[in-house]
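J.: First the structure, then my questions, so here it is.
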């Protein structure tokens with residue numbers, strides 16, 4: 412294990428330990444914000460897999476989030492199933508949908524992929540609002556019950572917090588395993604130079620579909636957890652606010668870098684709440700921070716760090 | 003004996019312009035064949051049609067007798083035909099080693115599950131790929147850039163990276179599109195020596211190049227293109243002495 416790997420592992424252990432103790436020292440209000448920060452971070456990291464690594468700007472993440480929420484809620488409320496099988500169903504349904512939407516969309520140009528995924532999210536919103544028989548329309552499904560685990564009701568905010576934390580750690584583990592494998596390297600290679608990838612024998616579609624399906628499944632599960640924390644799912648779960656927040660996290664963190672996006676996700680999700688001290692101005696301040704960040708760090712935080720590392724490396728090589 | 007590569011009656015037009023107009027030639031294993039010709043004579047289009055990056059309008063391309071036309075570019079690569087590009091192509095943000103490993107990844111017996119779970123089979127394949135990458139990096143004189151992102155290298159160095167990437171999986175045929183354009187003269191001699199050495203080890207090369215000294219010194223056989231057609235073909239000496247070649251290049255009638 413190299414030194415940077417050791418630092419990485421130590422950082423993860425410390426961060427998880429701190430997060431485990433967080434509910435003991437803070438209010439339900441803070442714990443609630445952390446739950447949303449976790450589900451948002453998973454959604455942002457999943458978007459990073461498709462967009463940052465795969466080079467595919469996908470607006471379908473919003474649809475996957477909403478479908479995950481509705482699927483889990485309907486499974487519990489209408490089919491009488493458990494929350495857990497609902498989550499698994501949401502993951503599976505989203506993966507299938509991602510392949511069904513992605514396969515034809517990937518035959519088009521990269522730009523067209525953006526439009527197709529955008530249309531998919533808009534369409535999903537219409538279904539949620541207008542298919543009243545299935546989704547209850549604009550009223551949605553309120554009063555979602557607390558999930559039960561081994562006979563215990565996860566009724567408190569704290570217990571949902573630990574569920575969300577466990578999901579965060581597991582999801583990031585899966586994503587980390589992918590992006591640090593050959594598969595992640597191949598995705599980055601295709602993003603940087605697809606014709607060269609073809610000349611190296613890479614068939615691009617399976618790689619991109621895989622990334623799209625994994626990100627869809629994880630985003631769907633994050634949506635499922637989110638609606639059971641809110642105890643309601645209605646068409647506002649498909650509001651553009653969500654995808655906008657995740658995109659900001661990916662761009663500020665540095666598209667195509669793993670930890671940059673994770674850290675940006677956790678920080679940016681909490682930031683609007685931190686800024687509540689001046690309620691009228693908070694979104695203005697948030698916007699100002701964003702503008703400054705984009706101007707100062709066009710490649711995101713991780714991109715900025717990478718450039719500094721390259722500059723140092725160049726200097727060392729030139730001296731040698 | 004079945005030729006390693008046979009091209010018969012290859013044709014490709016763009017909006018009425020016949021870029022490639024009935025080109026035929028053959029290559030045998032262990033040869034170094036050069037393609038020369040003025041700009042716009044159809045050299046790169048021919049390579050693109052052979053390697054599946056463009057679809058030919060007509061003609062037949064076979065490798066060891068097996069037809070290639072119906073295959074996608076990546077399938078042709080996996081069949082053992084690697085290529086480089088006229089405009090240098092590398093993975094700018096990946097390190098030099100990662101560039102070479104990426105070129106090799108589709109050529110070992112590991113699958114996606116091996117990749118995700120880092121099985122012993124994957125680790126074995128990885129360590130032999132790393133060893134091969136190290137050999138090629140040393141051969142190219144790029145040792146100190148081993149862990150540097152390729153984006154920081156010079157144009158000539160990137161050409162070398164593209165070349166050694168194509169060599170990674172020990173392909174049956176390597177097509178090089180202008181491998182020494184923009185590379186300094188000392189380096190060109192080194193590349194020449196290296197390619198000769200690789201040929202002695204069994205590799206086969208088809209090389210498009212404008213640098214006449216390079217082509218004449220290195221190639222066993224030279225094919226001359228002009229206006230989408232094969233003008234002539236022969237040993238470097240014979241081609242050099244051919245009056246038509248001079249005319250095609252310089253527009254002068256002897």
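Residue numbers (this note's numbering), protein chains in the order written: chain A, 412 to 731; chain B, 3 to 256. Even glycine gets a Cβ: it sits at the ideal position worked out from N, Cα and C.
Using only alpha-carbon positions, find the residue among 45(B), 174(B), 97(B), 164(B) that is nearest to residue 193(B).
T.: Nearest option by C-alpha distance: 164(B).
J.: Rounding to the nearest angstrom, what Cα-Cα distance links residue 438(A) and residue 444(A) in this structure?
T.: If I take the Cα positions, the gap works out to 10 Å.
J.: Please determine if the region 605–612 of chain A and the region 83–100 of chain B are in contact, where contact requires at least 3 C-beta pairs separated by less than 8 Å.
T.: The answer is yes - the region 83–100 of chain B touches the region 605–612 of chain A, with three or more Cβ pairs under 8 Å.
J.: Measuring alpha carbon to alpha carbon, tell me which of 130(B), 183(B), 49(B), 116(B) ends up nearest residue 25(B).
T.: Residue 49(B) is the option with its Cα nearest to residue 25(B).
J.: Could you check the C-alpha separation between residue 83(B) and residue 177(B) for me, to the nearest Å?
T.: Their Cα atoms are separated by approximately 8 Å.
J.: So, are the CB atoms of residue 630(A) and residue 454(A) less than 7 Å apart?
T.: Yes, Cβ-Cβ distance for residue 630(A) and residue 454(A) is below 7 Å.
J.: In angstroms with no decimal places, state the Cα-to-Cα distance between residue 417(A) and residue 497(A).
T.: Using only the alpha carbons, I get a separation of about 37 Å.
J.: By alpha-carbon positions, which one of 172(B), 65(B), 214(B), 6(B) ends up nearest to residue 30(B)?
T.: For the residues 172(B), 65(B), 214(B), 6(B), the minimum Cα distance to residue 30(B) belongs to 6(B).
J.: If you reduce the DSSP assignment to three classes, tell me which class residue 647(A) lands in.
T.: Note: residue 647(A) maps to helix in three-state DSSP.
J.: Taking C-beta to C-beta, are residue 685(A) and residue 456(A) nearer than 7 Å?
T.: Their beta carbons are not under 7 Å apart, which means residue 685(A) does not touch residue 456(A) by this criterion.
J.: Which residues in chain A have a C-beta closer than 9 Å to the C-beta of residue 157(B)? List them in chain order.
T.: The premise fails here: residue 157(B) is roughly 16 Å from chain A at the closest Cβ pair, so nothing lies under 9 Å.
J.: Please confirm if the region 633–640 of chain A is in contact with the region 471–478 of chain A, defined as three or more CB-CB distances below 8 Å between the two stretches.
T.: As far as the Cβ criterion goes, the region 633–640 of chain A touches the region 471–478 of chain A, which means the pair count is three or higher.
J.: So residue 251(B) contacts chain A; which residues on that side make the cut at Cβ distance below 9 Å?
T.: The premise fails here: residue 251(B) is roughly 29 Å from chain A at the closest Cβ pair, so nothing lies under 9 Å.
J.: For residue 235(B), decide whether its Cβ has a neighbour in chain A, counting only Cβ atoms nearer than 7 Å.
T.: Taking Cβ atoms only, chain A never reaches closer than 7 Å to residue 235(B), which makes this a no.
J.: Starting from the Cα of residue 603(A), find the closest Cα among 592(A), 588(A), 666(A), 559(A) and give me that residue.
T.: It is 666(A).
J.: Is there contact between the region 10–17 of chain B and the region 55–62 of chain B, where contact requires at least three CB pairs shorter than 8 Å?
T.: Touching, per the Cβ criterion.
J.: With respect to the alpha helix (DSSP H) encompassing residue 487(A), which residues constitute its N-terminal and C-terminal limits?
T.: From DSSP, the alpha helix (DSSP H) with residue 487(A) extends over 471–488.
J.: Quick check on this structure: which residue in 436(A), 449(A), 424(A), 430(A) has the alpha carbon closest to the alpha carbon of residue 660(A)?
T.: When each option's Cα is compared against that of residue 660(A), the closest is 449(A).
J.: Cα-Cα, which of 723(A), 549(A), 675(A), 722(A) is closest to residue 713(A)?
T.: Closest option to residue 713(A), Cα to Cα, is 675(A).
J.: How big is the Cα-Cα spacing for residue 166(B) and residue 523(A)?
T.: So the alpha carbons of these two residues sit roughly 35 Å apart.
J.: Just tell me which of 537(A), 670(A), 546(A) has its CA closest to the CA of residue 587(A).
T.: For the residues 537(A), 670(A), 546(A), the minimum Cα distance to residue 587(A) belongs to 670(A).
J.: To test your reading of the DSSP string, which unbroken alpha helix (DSSP H) runs of 4 or more residues are found completely within the region 499–547 of chain A?
T.: Within the region 499–547 of chain A, the complete alpha helix (DSSP H) runs of at least 4 residues are 521–541, 543–546.
J.: Short of 7 Å Cβ to Cβ, which residues in the region 683–714 of chain A face chain B?
T.: The region 683–714 of chain A vs chain B, Cβ under 7 Å: nothing.
J.: Shorter than 7 Å from the beta carbon of residue 611(A) to some beta carbon of chain B?
T.: Residue 611(A) counts as touching chain B.
J.: Am I right that residue 170(B) and residue 105(B) are in contact with their C-beta atoms under 8 Å? What's the rounded C-beta distance?
T.: Confirmed, Cβ separation roughly 4 Å.
J.: At the 7 Å Cβ level, is residue 174(B) part of the contact set with chain A, yes or no?
T.: Answer no: the Cβ-Cβ gap between residue 174(B) and chain A never drops below 7 Å.
J.: Helix, strand or coil: which one does DSSP assign to residue 642(A)?
T.: Three-state DSSP puts residue 642(A) in coil, outside helix and strand.
J.: Along the chain, where does the alpha helix (DSSP H) that runs through residue 579(A) open and close?
T.: Note, residue 579(A): alpha helix (DSSP H), 568–590.
J.: With a cut-off of 7 Å, does the C-beta of residue 537(A) fall near any C-beta of chain B?
T.: No, because no Cβ of chain B sits closer than 7 Å to the Cβ of residue 537(A).
J.: Shortest alpha-carbon distance to residue 569(A) belongs to which of 655(A), 458(A), 640(A)?
T.: Considering only alpha carbons, the answer is 640(A).
J.: Determine the DSSP secondary structure at residue 172(B), reduced to helix, strand or coil.
T.: If DSSP states are grouped into helix, strand and coil, residue 172(B) belongs with coil.
J.: Could you check which residue in 432(A), 485(A), 717(A), 492(A) has the C-alpha nearest to that of residue 544(A)?
T.: The residue with the shortest Cα to Cα distance from residue 544(A) is 485(A).
J.: For the alpha helix (DSSP H) containing residue 47(B), list its first residue and its last residue.
T.: Segment 45–52, the alpha helix (DSSP H) holding residue 47(B).
J.: Should the region 116–124 of chain B be called in touch with the region 576–595 of chain A, which here means at least 3 C-beta pairs below 8 Å?
T.: Counting Cβ pairs under 8 Å, three or more are found: they touch.
J.: Could you check where the beta strand (DSSP E) with residue 423(A) kicks off and where it finishes?
T.: Not the beta strand (DSSP E): residue 423(A) falls in the alpha helix (DSSP H), residues 414–436.
J.: Counting only runs that start and end within the region 201–230 of chain B, where is the alpha helix (DSSP H) found for 4 or more residues in a row?
T.: Entirely contained in the region 201–230 of chain B, the alpha helix (DSSP H) runs reaching 4 residues are, in chain order, 214–220.
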